[in-house]
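Sequences listed follow chains C and F, in order.
Numbering-wise, the first sequence is residues 7 to 169 according to my numbering.
Numbering-wise, the second sequence is residues 24 to 171 according to my numbering.
All C-beta atoms in this analysis are idealised placements derived from N, C-alpha and C, irrespective of residue type, glycine included.
Notes follow once the structure below has been shown.
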Amino acid sequence: MAHASRPIRGMRSFVDPFARIMVGWDGSHDSAHALQVAAELSEGLGAEVVVVAVLPVPDGETREDMEQETAGHRRQTTTAISSAVSGEAHIRVEFLEADRASEALADYAEGQGCGLLVLGRHGLDRAIHPRAGGVTERLVRHASCPVLVVSGRGDRHAGVPGG
Amino acid sequence: MFKRILVGFDGSAPSVEALRTAVLLAGRLGGEVAVVEVVPRGGAPRADGSGEATIAEAARSGVRCSLEVVEGPRPSEVLASHLVEHGYDLLVVGRQGNGAEEAQHAGAGTPQRGQRERPGRDLGSVARQLVEKATFPVLVVGAPASGG
């Protein structure tokens with residue numbers, strides 16, 4: 007069963023590190039830009055793009071409520087992701103349910119052998135908790151693969167970080 | 024995309040890994056790599072040749088690669104200015120540097136070799152500044168996992 011896709015221990019140096027690019031999606035403008043960058047990069051690298059959205063754990067009272075809530079979140083997210091990227095890009099969308107997005111995304115990236123993680127610089131959490139450091143900074147600290155951080159307004163060659 | 028890649032290098036294990044990752048990306052994307060080592064004003068570049076050795080390795084893989092030593096007070100600002108001035112489109116840095124870089128450079132003088140940031144999953148001051156404030160793409164690379 008699926009012998010071809012089983013990772014081979016000790017053969018790591020022969021594995022393409024950029025075969026799978028993961029994008030952390032939170033619906034922010036920056037994460038939409040991250041998806042666009044990943045889609046463009048994937049063409050040059052011949053990589054697969056996996057967009058991972060962390061949905062809140064549903065808090066409905068009945069199982070039916072929770073299922074409806076989850077289905078609604080998934081529909082909205084899928085629509086937003088589709089409109090953020092051109093129809094030609096080959097992307098796969100995955101949903102995780104977790105309270106801590108950074109941990110869920112880091113675990114997913116490691117478990118799925120993602121070689122590159124692309125994130126928006128300022129996500130939605132930043133708007134709510136501007137001084138909390140944010141999901142992006144936590145992932146830069148904890149991800150097991152390189153993390154590419156991009157800005158949604160279109161990165162420009164203007165900014166020199168100061169102070 | 025990302026044809027002109029700038030690497031901030033200080034000889035630390037994560038910065039060597041950053042350089043390797045940049046060379047790998049450039050090789051795949053048909054790009055070139057410029058390596059910049061930022062030293063405090065009047066400071067000397069690292070003499071251990073780790074930059075040159077890694078660049079020689081890169082050259083063997085067919086990627087155009089250059090090394091420049093630039094003086095300046097804060098590495099994150101020097102790297103950002105360099106990127107803007109020379110029109111690079113991606114900055115690659117290690118997750119942690121060789122020491123408390125920003126403070127060390129701001130104070131100028133001789134780098135204190137013994138002073139190191141805690142290895143592991145901490146974020147160095149240079150990477151942190153760039154992740155938070157840069158207005159261009161920044162790729163942050165950790166040291167390779169031991170035994171991997």
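At the level of alpha carbons, what is the spacing between residue i and residue j?
| i | j | result |
| --- | --- | --- |
| F:G53 | F:A79 | 18 Å |
| F:E94 | F:H105 | 11 Å |
| F:V229 | C:R98 | Outside the displayed range of chain F (24 to 171) lies residue 229 of chain F, so it cannot be described from this structure. |
| C:Y114 | C:G30 | 10 Å |
| F:A166 | C:H148 | 12 Å |
| C:G119 | C:V55 | 12 Å |
| C:T68 | F:G110 | 56 Å |
| F:S99 | F:V59 | 11 Å |
| F:G72 | F:F32 | 12 Å |
| C:M170 | F:P68 | In the structure as shown, chain C starts at 7 and stops at 169, and residue 170 of chain C therefore has no counterpart that could be examined. |
| C:E100 | F:G120 | 34 Å |
| C:G129 | F:L153 | 16 Å |
| C:E70 | C:A90 | 30 Å |
| C:I87 | F:K156 | 26 Å |
| F:G66 | F:L48 | 31 Å |
| F:A129 | F:L113 | Confidence at F:A129 is low in this model, with a pLDDT of 47, below 50, so the placement of that residue should be treated as unreliable; the coordinate-derived value is given next. Answer to the nearest angstrom: the Cα atoms are 25 Å apart. |
| F:E75 | C:T85 | 49 Å |
| C:G33 | C:H79 | 11 Å |
| C:G158 | F:S35 | 31 Å |
| C:T83 | C:A45 | 17 Å |
| C:R81 | F:V115 | 36 Å |
| F:E91 | F:V164 | 20 Å |
| F:V107 | C:A77 | 45 Å |
| F:V30 | F:A103 | 11 Å |
| F:S148 | C:E49 | 33 Å |
| C:R26 | C:A112 | 14 Å |
| F:V46 | F:V62 | 22 Å |
| C:L154 | C:L47 | 11 Å |
| C:V58 | F:V101 | 34 Å |
| F:R64 | C:G140 | 34 Å |
| C:V146 | F:P96 | 25 Å |
| C:G165 | C:H96 | With a pLDDT of only 49 at C:G165, under 50, the local geometry of the prediction cannot be trusted, and the value read off the model is given with reservation. Those two C-alpha atoms are separated by around 32 Å. |
| F:F25 | F:F159 | 11 Å |
Spatial neighbours of residue i within its chain, please: CB distance less than 6 Å, with the 5 preceding and 5 following residues excluded, ordered by chain position.
| i | result |
| --- | --- |
| C:V60 | L102, A104, A107 and A110 |
| F:T77 | V39 and L42 |
| C:P152 | L122 |
| F:E89 | Before going further, note that residue 89 of chain F is Ser rather than Glu in the sequence given. Closer than 6 Å at Cβ, skipping near neighbours: A57. |
| F:P142 | Residue confidence is low: F:P142 scores 45 on pLDDT, short of 50, so the model does not pin down where it sits. No coordinate-derived value is stated. |
| F:A150 | V116, R118 and V163 |
| C:S150 | E116 |
| F:A81 | V46 and C88 |
| C:S92 | none |
In the DSSP output, what is residue i paired with across the bridge?
| i | result |
| --- | --- |
| F:I28 | F:V56 and F:L113 |
| C:G126 | C:V156 |
| C:G30 | C:V58 |
| C:C172 | Beyond the ends of chain C as shown, which are 7 and 169, falls residue 172 of chain C; an answer cannot be given. |
| F:C88 | F:V56 |
| F:L162 | C:L154 and F:V115 |
| C:V21 | According to DSSP, C:V21 bridges with nothing at all. |
| F:E94 | F:V62 |
Apart from the five residues just before and just after residue i, which ones in its own chain have a Cβ nearer than 7 Å to its Cβ?
| i | result |
| --- | --- |
| C:E75 | P64 and G66 |
| C:F4 | A question about residue 4 of chain C goes unanswered here, because the residues of chain C that appear run from 7 up to 169. |
| C:R144 | S108 |
| C:M72 | P64 and G66 |
| F:D145 | Q119 |
| C:V21 | none |
| C:M7 | Annotation note: pLDDT 45 at C:M7 (below 50); position unreliable, coordinate value reported separately. For C:M7, where only same-chain residues beyond five positions count, there are no Cβ hits under 7 Å. |
| F:R27 | G54, E55, G110, Y111 and D112 |
| F:P37 | G117, R118, Q119, V164, G165 and A166 |
Beta carbon of residue i: closer than 7 Å to some heavy atom of the ligand PLP?
| i | result |
| --- | --- |
| C:Q42 | Only the bare structure without any ligand can be found here, which leaves the ligand PLP out of the picture. |
Using a C-beta to C-beta distance shorter than 8 Å, which residues of chain D count as neighbours of residue i?
| i | result |
| --- | --- |
| C:R106 | Any reference to chain D falls outside this structure, whose protein chains are C and F. |
Ordered along the chain, which non-local residues of its own chain (more than five positions away) have a Cβ less than 8 Å from that of residue i?
| i | result |
| --- | --- |
| F:G50 | S84, G85 and V86 |
| C:V156 | D36, H39, A40, V43, V124, L125, G126 and R127 |
| C:P62 | H79, E103 and D105 |
### Query
Given a limit of 9 Å on CB to CB distance, which residues of the stretch 36-55 of chain C reach chain F?
V43, E46, L47, E49, G50, L51 and G52
If contact means a Cβ-Cβ distance below 7 Å, which residues of the stretch 50-62 of chain F contact chain C? R51 and L52
Where the stretch 75-107 of chain F meets chain C: residues whose CB sits under 8 Å from a CB there: Only those residues of the stretch 75-107 of chain F whose C-beta falls short of 8 Å from the nearest C-beta of chain C are listed: S99, E100, A103, S104, L106 and V107.
Q.
Suppose only complete runs of 3+ residues qualify. What are the beta strand (DSSP E) ranges in the stretch 72-109 of chain C, listed by chain order?
A. 97-103
Under 9 Å (Cβ pairs) to chain F, residues found in the stretch 23-37 of chain C:
P23 and F24
Residues in the stretch 72-90 of chain C with C-beta within 9 Å of chain F's C-beta atoms, listed in sequence order?
none
Problem set entry | Selection of the stretch 26-51 of chain F by Cβ proximity to chain C, strictly under 9 Å | Of all residues in the stretch 26-51 of chain F, the ones placed with a Cβ closer than 9 Å to any Cβ belonging to chain C are E40, A41, T44, L47, L48 and R51, in chain order.
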